[in-house]
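Q: Okay, handing you the structure first.
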Amino acid sequence: MLSQWLIANCKQISGFKNMVINDLFKEESADGVVLKSVVQRHRKDRPPIEFYYEFSGVHADEVDSSADPFAAACLIKSMRANEPLEIGPSISTRLHVMLPRIRDIYHSWWPDLFKRIDIHTTPRLEPAPTPRNTMGTTFSGGVDSFYSLLKHHRDGSAIGRPLTHIVFMRGVETPIERAKGVEGSEEWVRAVAENLGVRPVFGATNVRTHIMTNWEKYDHGSALASIALCLSPILGFMCIPSAFSYRHLVPHGSSPLTDEMFSTDRMYIFHDGSEVTRAEKVESIVSWNKDLALRYLRVCLGNFGGAYNCGRCRKCVRTAIPLHVMGVAQGSDIFQYKGTDHWAGFLAKDHLELLRENYDFARRRGRSPEIVEMLDHAIRQRRFEQAVDELRSIAFVGEGDLNR
Ligand SMILES: [Zn+2]
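In the numbering used here, each number is its position in the sequence shown, counted from 1, plus 9.
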């Protein structure tokens with residue numbers, strides 16, 4: 010039996026001149042709970058967006074009833090659309106203070122793409138609750154989330170007790186309408202949770218479908234934060250696993266600077282794992298729990314959310330390198346394609362900093378001169394390409410100056 014109720018219904022203030030969040034709904038059925046809101050747009054040719062977060066196997070009181078998740082989800086979207094953001098229901102006082110700061114950071118990083126829109130929010134004036142002493146991480150099974158899971162599961166020093174929950178959402182790795190074979194991935198996540206004795210939380214959302222500008226580059230930190238905030242009634246702390254180390258802090262859709270600003274009075278959000286490089290994360294995961302990692306690691310860009318690693322894509326190659334350097338990939342079934350003949354071609358297109366991290370890792374290990382040489386060649390090639398791009402941009406600016 011389905012029961013639906015209105016959580017918040019605020020009077021329209023601006024007559025749809027802004028991106029407006031007014032109504033919040035929660036539905037509970039035998040399968041779980043759905044939190045949703047219809048977000049109105051300020052132009053008639055932009056239809057309203059119905060955002061939803063659906064969680065299975067949870068009760069209504071385990072899912073948030075505030076506009077906090079939608080505030081996190083809509084900020085970047087409203088900046089990209091150049092529509093002022095207006096949120097009728099009150100939001101966390103902390104989020105009310107921080108949303109303009111996140112806006113200013115995004116606008117400073119990408120002034121042409123993300124406009125410095127007005128933000129209209131009301132702080133929730135209530136005594137700040139004591140945060141729950143429970144911690145979770147968003148978990149896809151990739152290197153970054155596997156690292157955060159095993160680190161905080163082994164060592165409970167961050168909050169005084171080990172990590173308790175992992176959260177896997179359909180519609181995050183791949184937009185929900187394009188996801189394939191996700192059931193298999195959920196089985197893997199369930200197996201990892203059972204092995205470690207943590208509670209898995211499964212769900213689905215269309216947030217990626219609607220807010221996407223460039224998921225990896227601009228969107229995923231705020232989207233993961235919005236998912237995290239849905240679970241603030243059961244989790245006091247939540248990890249957003251980092252993509253880059255602290256030594257390579259760049260404008261990015263998920264960064265230690267911005268992710269943690271989405272924390273609220275109820276939940277602290279960690280940007281977690283930047284103390285090590287990606288290659289070092291692979292090394293730690295394997296040393297902490299080799300059997301689990303080599304059985305359930307999911308890193309592939311080409312699996313549409315399914316439970317396998319193709320072995321051929323850029324991210325599979327990036328992960329295969331430290332595993333080969335450690336000598337553990339060769340005997341495992343972690344990758345469908347086990348050949349290495351395509352590596353050089355993919356390395357030539359990979360992120361320069363991640364190439365350097367793998368190069369440093371392989372060189373320190375000193376056992377794979379052929380991989381070191383391949384990475385060295387790829388790094389030189391990428392640096393040459395960057396230098397050419399730089400020269401082109403200088404030449405272009407010069408031309409423009411002459412025409413003034
Ligand atoms: Zn792949």
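Glycine included, each C-beta is placed from N, C-alpha and C at the ideal position. Bear in mind that the values here come from a model prediction, so they are computed numbers and not experimental data.
Which of the three DSSP states, helix, strand or coil, is assigned to GLN395?
A: Within the sequence shown, the letter at position 386 stands for residue 395. Here GLN395 sits in helix by DSSP.
Q: For ligand 1, is there any heavy atom lying closer than 7 Å to the beta carbon of CYS248?
A: For the purposes of this step, residue 248 is taken as residue 239 along the sequence shown, with counting starting at 1. Every heavy atom of ligand 1 is 7 Å or more from the Cβ of CYS248, so no.
Q: Could you tell me the alpha carbon to alpha carbon distance between ASN142 and LEU384, rounded to whole angstroms?
A: Residue 142 sits at position 133 when you count from the first residue of the sequence shown. Residue 384 sits at position 375 when you count from the first residue of the sequence shown. If I take the Cα positions, the gap works out to 44 Å.
Q: Cβ of LYS324 versus every heavy atom of ligand 1: is any distance shorter than 7 Å?
A: The residue you call residue 324 lines up with position 315 of the sequence shown. Flag set: Cβ of LYS324 near ligand 1.
Q: Name the residue from VAL67, SER38, LEU84, ALA39 whose alpha carbon lies nearest to the alpha carbon of PRO30.
A: Counting from one through the sequence shown, the residue named residue 30 turns up at place 21. The residue asked about is misnamed: residue 30 is Ile in this sequence, not Pro. The option with the nearest alpha carbon to ILE30 is LEU84.
Q: Please report how far the alpha carbon of ASN412 lies from the alpha carbon of ALA404, in whole angstroms.
A: For the purposes of this step, residue 412 is taken as residue 403 along the sequence shown, with counting starting at 1. For the purposes of this step, residue 404 is taken as residue 395 along the sequence shown, with counting starting at 1. Confidence in ASN412 is poor, its pLDDT being 46 and thus under 50, which makes the residue's placement too unreliable to answer from.
Q: Return the CA-CA distance between GLU196 and PHE177, expressed in angstroms with no decimal places.
A: Along the sequence shown, one-based indexing puts residue 196 at 187. Along the sequence shown, one-based indexing puts residue 177 at 168. Each residue's alpha carbon lies about 11 Å from the other.
Q: Let's test the definition: count the other Cβ atoms within 10 Å of the Cβ of GLY262 and tell me whether it reaches 16, buried, or not, exposed.
A: Position 253 of the sequence shown holds residue 262. Buried, because 16 or more other Cβ atoms sit within 10 Å of the Cβ of GLY262.
Q: When DSSP builds the beta bridges, which residues end up paired with THR146?
A: Here residue 146 corresponds to residue number 137 of the sequence shown, with the count starting at 1. In DSSP, THR146 forms a bridge with ILE175, CYS248.
Q: Can you tell me whether DSSP reads ARG307 as helix, strand or coil?
A: As a working mapping, residue 307 is identified with position 298 in the sequence shown. Looking at ARG307 - three-state DSSP - the assignment turns out to be coil, as it is neither helix nor strand.
Q: Which residues bound the alpha helix (DSSP H) around ALA371?
A: Looking up residue 371 in the sequence shown gives position 362. Unbroken alpha helix (DSSP H) run through ALA371: 361 to 374.
Q: Would you list the residues sitting across from PRO132 in a DSSP beta bridge?
A: As a first step, residue 132 is located in the sequence shown; it is residue number 123 there, counting from the start. The partner list for PRO132 (beta bridge, DSSP) reads ILE100.
Q: Do the CB positions of CYS239 and ASP73 come within less than 8 Å of each other?
A: Stepping through the sequence shown from its first residue, residue 239 is reached at position 230. Stepping through the sequence shown from its first residue, residue 73 is reached at position 64. Taking 8 Å as the Cβ cut-off, CYS239 and ASP73 qualify as a contacting pair.
Q: Could you tell me the distance, in whole angstroms, from the CA atom of ARG110 to the CA atom of ILE128?
A: As a working mapping, residue 110 is identified with position 101 in the sequence shown. As a working mapping, residue 128 is identified with position 119 in the sequence shown. Going by the C-alpha atoms only, they are around 11 Å apart.
Q: Does any heavy atom of ligand 1 sit closer than 7 Å to the C-beta of ASN91?
A: Here residue 91 refers to the residue found at position 82 when the sequence shown is read from its first residue. No, since every heavy atom of ligand 1 falls outside the 7 Å radius drawn around the Cβ of ASN91.
Q: With DSSP run on the structure shown, which of helix, strand or coil describes ARG163?
A: Mapped onto the sequence shown, residue 163 falls at position 154. Here ARG163 sits in helix by DSSP.
Q: Exposed or buried, GLY212, counting other C-beta atoms within 10 Å across all chains shown (16 or more means buried)?
A: Reading the sequence shown from its first residue, position 203 is the one you call residue 212. So GLY212 ends up on the buried side.
Q: How big is the Cα-Cα spacing for ILE96 and GLU284?
A: Counting from 1 along the sequence shown, the entry for residue 96 is found at position 87. Counting from 1 along the sequence shown, the entry for residue 284 is found at position 275. The alpha-carbon atoms of ILE96 and GLU284 are separated by roughly 36 Å.
Q: Buried or exposed for ALA234, going by 16 or more other Cβ atoms inside 10 Å?
A: Numbered from 1 along the sequence shown, position 225 holds the residue referred to as residue 234. Looking at its Cβ environment, which holds 16 or more other Cβ atoms inside 10 Å, ALA234 is buried.
Q: Considering just the uninterrupted stretch of the beta strand (DSSP E) at LYS53, what are its terminal residues?
A: Against the sequence shown, residue 53 aligns to sequence position 44. No beta strand (DSSP E) holds LYS53; DSSP gives it neither H nor E.
Q: Compute the distance between the beta-carbons of MET88 and PHE246, then report whether it is under 8 Å.
A: Here residue 88 corresponds to residue number 79 of the sequence shown, with the count starting at 1. Here residue 246 corresponds to residue number 237 of the sequence shown, with the count starting at 1. Cβ distance not < 8 Å, so MET88 and PHE246 don't count as in contact.
Q: Are there 16 or more other CB atoms within 10 angstroms of the CB of PHE393, so buried, or fewer, so exposed?
A: The residue you call residue 393 lines up with position 384 of the sequence shown. It is exposed - the Cβ of PHE393 has fewer than 16 other Cβ atoms within 10 Å.
Q: Determine, using beta carbons only, whether THR214 and ILE175 come nearer to each other than 8 Å.
A: Numbered from 1 along the sequence shown, position 205 holds the residue referred to as residue 214. Numbered from 1 along the sequence shown, position 166 holds the residue referred to as residue 175. No; because the gap between Cβ atoms is not below 8 Å, this pair is not in contact.
Q: Would the beta-carbon of CYS319 be found less than 7 Å away from any heavy atom of ligand 1?
A: Within the sequence shown, residue 319 is the residue found at index 310, counting from 1. Indeed, a heavy atom of ligand 1 lies less than 7 Å from the Cβ.
Q: When the Cα atoms are used, what is the spatial distance from THR286 to ASP164?
A: Sequence index remark: in the sequence shown, residue 286 carries index 277 (1-based). Sequence index remark: in the sequence shown, residue 164 carries index 155 (1-based). Approximately 19 Å, taken between the alpha carbons.
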